[in-house]
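Undergrad: Numbering (this note's numbering), first residue to last: 31 to 517.
From the three backbone atoms N, C-alpha and C, an ideal C-beta is built for every residue, glycine too.
Computed from a predicted model, the values in this text were never measured in an experiment.
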């Protein structure tokens, strides 16, 4: 994976770009070996979501992720990309990709990334934030799918043709392309040059259409609410008989709209409604998209420093300051919610120890979002060079926060009692870069969008002391928050 210093004239003209690609092709021919060229450069700041709206096509693999690091209890009515706390990445099209299933999917994804990087030449300023090749990943909850026409394979990993990111007041564009003997350099140069000009000139603001058709939406439970409550009762029986300590059961609703759902407008709505969450979207190249606003970080890795969270135990936010403080105090003093949180914390620390790490939990705190609050314990650990980010994900997924304990038995209950395929719901969604850094969110508070149809997912942790009606109220609260963003 050689790194070439930045060539300031590379994107100054179409001719310079063509000459550079011609030299790359000649070198590839001499060595009789295809190469991936990854070119990074800085441009004037643009909003990656607007670029995504401008150039992403439904017949491509696409990915979007955004996170704002806001102070506790601080919410923005009008998020904007001038804030240094914002990090957003749009990944558009695929230069090379892997789609695979089975229990070895994380290992296969890691080997794919290593293989591609061994044939990649990195050109440009590698010191820019989010520069260089990044691999964008979506893994389903289970490593196999029982539905015959599954929309997303168990693992999708791709190196995008275009990556546009914003971080620390810097906008970085990365272009990735495969160079081989069959490539048409003229059309490739034209495509690169024209797309870059389009990205550079993207400065308009996203405006949602002045059309509110929420009252025309048709909503239907995938399985009726009685089915969910009966599943909770069955889980409580298993817990009482010491078969389980905890299981997370999800509920889903189908929404049908007279107009197609607009992915980018929905994400833009989520910016305003949930500025404190990971906003994400992944497309399968067949017209379907999975998107959401997740409060839960599965894992991040920066310079060998790993961060993860135990996030379990929930309560609604109050309508007044007094009510909010009352609900927060009840959450912190609830034996049931504290037990649920402790189960997740112990699991994560144990799994990280299996990797040979020494996890260091921080003090318990409240993560207070716009409509719900959670018990949260951040955990950090130093990671040696021999352990890859995907090794840690394979060890952690699924955590008790989205599955249960014992994990295998909880997953059997989920398969038995949930009347739908989870697909990407509650699964790892994120990216890995060429240096091994990366960040993954857990795909909760999420929806699968297919034209005029959307399926919304939300879950609740069932432990001793759970009550079916309270768990149903919790998932309905989470579903309403996501529904509000769709239109």
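In angstroms with no decimal places, state the Cα-to-Cα distance between residue 97 and residue 344.
TA: Taking the straight line from one Cα to the other gives about 21 angstroms.
Undergrad: Can you pull the DSSP bridge partners for residue 469?
TA: Answer is 330, 461.
Undergrad: By Cβ distance, which residues of its chain are closer than 7 angstroms to residue 166, with the 5 residues on each side in sequence left out?
TA: So the qualifying residues of the chain are 93, 121, 188, 190, 461.
Undergrad: Return helix, strand or coil for residue 133, following the three-state DSSP convention.
TA: Residue state, collapsed to three classes: coil.
Undergrad: Please confirm whether residue 59 and residue 217 have their CB atoms less than 8 angstroms apart.
TA: Cβ atoms of residue 59 and residue 217: not closer than 8 angstroms.
Undergrad: From residue 69 to residue 150, what does the alpha carbon distance come to, in whole angstroms?
TA: Each residue's Cα considered, the two are about 10 angstroms apart.
Undergrad: Return the CA-CA distance between residue 476 and residue 431, expressed in angstroms with no decimal places.
TA: Between residue 476 and residue 431, the C-alpha separation is close to 15 angstroms.
Undergrad: Under 7 angstroms Cβ to Cβ from residue 518, same chain only, skipping five residues before and after it: list those, please.
TA: For the chain, the structure presents residues 31 to 517; residue 518 sits outside this window and is missing.
Undergrad: Between residue 465 and residue 398, what straight-line distance do the alpha-carbon atoms span, to the nearest angstrom?
TA: Distance between the alpha carbons of residue 465 and residue 398 is about 33 angstroms.
Undergrad: Nearest to residue 391 by alpha carbon, out of 75, 375, 72, 144?
TA: Minimum Cα distance to residue 391 is reached at 375.
Undergrad: In three-state terms, what does DSSP make of residue 450?
TA: Coil at residue 450, not helix or strand.
Undergrad: Let me know the alpha helix (DSSP H) ranges lying completely inside the region 389-444, each 4 residues or longer, listed in chain order.
TA: Listed in chain order, they are 419-426.
Undergrad: Using the Cα positions of residue 119 and residue 219, report the straight-line distance between them to the nearest angstrom.
TA: Roughly 24 angstroms separates the two Cα atoms.
Undergrad: Looking at the secondary structure, which residues open and close the beta strand (DSSP E) in which residue 346 lies?
TA: Where residue 346 is concerned, the enclosing beta strand (DSSP E) stretches over 335-346.
Undergrad: Could you compute how far the alpha carbon of residue 272 sits from the alpha carbon of residue 136?
TA: If you take the alpha carbons of residue 272 and residue 136, they lie about 31 angstroms apart.
Undergrad: Among 201, 157, 494, 348, which one has its Cα closest to the Cα of residue 507?
TA: Of the candidates 201, 157, 494, 348, the one whose C-alpha sits nearest the C-alpha of residue 507 is 348.
Undergrad: Tell me which residues share the same chain as residue 428 and place their Cβ nearer than 8 angstroms to its Cβ, disregarding the 5 neighbours each side in the sequence.
TA: The answer, listed in chain order, is 171, 437, 441, 456, 457.
Undergrad: Under DSSP, the alpha helix (DSSP H) around residue 165 begins and ends at which residues?
TA: That residue, residue 165, is in no alpha helix (DSSP H); its beta strand (DSSP E) goes 164-169.
Undergrad: My guess is that residue 278 and residue 434 are in contact by the Cβ rule of under 8 angstroms, so how many angstroms apart are they, rounded?
TA: Confirmed, Cβ separation roughly 6 angstroms.
Undergrad: In chain order, what residues of the same chain have a beta carbon less than 6 angstroms from the beta carbon of residue 2, not counting five sequence neighbours either side?
TA: No information on residue 2 is available, as it lies outside the stretch 31 to 517 that the chain covers here.
Undergrad: In the structure shown, what three-state DSSP assignment does residue 212 receive?
TA: DSSP places residue 212 in coil when its eight states are reduced to three.
Undergrad: By alpha-carbon positions, which one of 385, 400, 53, 284 ends up nearest to residue 414?
TA: Nearest option by C-alpha distance: 385.
Undergrad: When DSSP labels each residue in this structure, what does residue 476 get in the three-state scheme?
TA: Residue state, collapsed to three classes: strand.
Undergrad: Count the C-beta pairs between the region 364-379 and the region 298-312 that are closer than 8 angstroms, then say yes if the count reaches three, no if not.
TA: Touching, no, given that fewer than three Cβ pairs across the two stretches are closer than 8 angstroms.
Undergrad: Return the chain-ordered list of same chain residues with a C-beta closer than 7 angstroms to the C-beta of residue 154, the five sequence neighbours on each side being excluded.
TA: Excluding positions up to five away in sequence, the list reads 36, 69, 70, 71, 161.
Undergrad: Check whether the Cβ atoms of residue 336 and residue 381 lie closer than 8 angstroms to each other.
TA: For residue 336 and residue 381, no; Cβs fall outside 8 angstroms.
Undergrad: Just to confirm my understanding: we take residue 142, look at its own chain, exclude 5 residues before and 5 after, and list those with CB closer than 7 angstroms. What are they?
TA: Here the set comprises 128, 187.
Undergrad: Would you check if the distance between the CB atom of residue 209 and the CB atom of residue 65 is smaller than 8 angstroms?
TA: Taking 8 angstroms as the Cβ cut-off, residue 209 and residue 65 qualify as a contacting pair.
Undergrad: So the candidates are 95, 67, 62; which of them puts its Cα closest to the Cα of residue 297?
TA: The option with the nearest alpha carbon to residue 297 is 95.
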